[in-house]
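Worksheet for the structure shown next.
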Amino acid sequence: MNTELTVLKRDKAVSQGDTIRMLLDESKRTSRAVPIRRAFVQDTVPGPRLVTKPGPFRHLLRSPERLELFLLVHCVAARGPLPRGRVDGDWGVTRRSETWGRAAGISFATDGKASAAVSRHLAKLKELKLISTAPDGRMTRITKLHEDGSGDPYTLPSGNFEGSRKDIYFKVPFEYWEQDYYKSLTMPAKAMLFILMSQRKPSFVLHKDKQFASWYGISPATVGRGITELKAKGLLYEFLTKQYLDGSSIFGQSTGVRWALAAPFDLNINKTEREAAEAAWTLEGIARTALRISSRIPALSGGAIPR
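Numbering (the working numbering), first residue to last: 14 to 320.
Next up, the structure:
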């Protein structure tokens, strides 16, 4: 996204990029990222056993504009004024329909037609119980709800693994908009990008089978196309390759590959794995790694070198 404001002309609307940049600036997010609960992509069923089900995300994959509207509302909507007797705000935001229309790519009209177009997308998000709306003067106030589509009020996710599974979240970096990924990525690529970010791991194994697709409510074809595009654009790269014994292989061995997301989408790593990675680069961690490797090499471990 161009960081320079394009030339302003009287009676002419600003560009989509400028509108998005304005909304990002107004969000006042010092982290420069938007937190989204993992339940939006893959929800969990309450109970002692971990049982998952697809989240509402799958219902937005047929409309890039609707997905962008949801993400931008989540970015901008902040805790509102606190009425007497309440300890939480309404997490709402009020903007003109023309602003949402330009930012999400829904409508660039300035003759009043944007209102109807934006309202259709808001109605779908309301149907999915991701937002609520109310009149605010001559405009509409949009209030974000819990990302799992339950219709519950929105709360700030804690990200605490010891708490509710619903509080685990991932972050969408501002670069998603600033570097025009919102325009350049197809919906299959966006689907896999959000799914992989929601896993919150430094590396992962890629799955293309029907079972993996069913976990997120998408098709195997969407998984395959999304992975192929992310690789082609350099956003998904081979992180680690290792060989292992495999009795089902004709050679008795197979190769396993772990993949990772490239910057700027490599920011979602859970606390346990991040601390383990940081510990590995301390002097003590390097010494332990060297000792573990040397124990496997006869010349370094005191064993005889095979002839």
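Note that the Cβ used here is the ideal one computed from N, Cα and C, for glycine as well.
It should be emphasised that the depicted structure is a prediction, and the values quoted were computed from it without experimental measurement.
Buried/exposed call for residue 114, threshold 16 Cβ in 10 Å: buried
Given residue 152 as reference, the closest of 229, 109 and 143 once Cα atoms are compared: 109
Cutoff 8 Å; reference residue 91; Cβ partners in own chain excluding five residues on either side: 40, 41, 102, 104 and 106
Supposed close pair residue 210, residue 236 - CB separation, criterion 8 Å: No, residue 210 and residue 236 are not in contact; Cβ-Cβ is about 15 Å, not under 8 Å.
Assigned secondary structure, residue 24 (DSSP; H/G/I helix, E/B strand, else coil): coil
Minimum length 3: unbroken beta strand (DSSP E) runs contained in the segment 170–229: 182–186
Residues near residue 243 in its chain [Cβ-Cβ closer than 7 Å; skip 5 each side]: 202, 205, 206 and 249
Distance CB(residue 59)-CB(residue 188) smaller than 8 Å: no
Burial state of residue 64 (16 or more Cβ within 10 Å): exposed
Classification of residue 55 by the beta-carbon crowding that lies within 10 angstroms, buried from 16 upward: buried
Counterpart residues of residue 55 in DSSP-defined beta bridges: 67
Residue 235, enclosing alpha helix (DSSP H) - first and last residue: 233–245
Near the ligand FMN: residue 31 beta-carbon under 7 Å from a heavy atom: Inclusion of the ligand FMN in the displayed structure is not the case, the ligand content being empty and no account of it being possible.
Beta-carbon spacing of residue 50, residue 214 below 8 Å: no
Range covered by the alpha helix (DSSP H) that runs through residue 34: 29–40
Assigned secondary structure, residue 43 (DSSP; H/G/I helix, E/B strand, else coil): coil
Closest residue to residue 326 among 227, 246, 66 and 126 (Cα-Cα distance): The structure shown does not extend to residue 326, since the chain spans only 14 to 320, so no value can be given for it.
Alpha-carbon spacing of residue 82 relative to residue 253, whole angstroms: 36 Å
Selected residue, minimal CA-CA separation from residue 161, among 184, 112 and 69: 69
Nearest to residue 135 (by Cα), restricted to the options 121, 150 and 156: 156
Own chain partners of residue 123 with C-beta closer than 7 Å, once the 5 adjacent residues on each side are dropped: 26 and 111
Residue 160 - DSSP class collapsed to helix/strand/coil: coil
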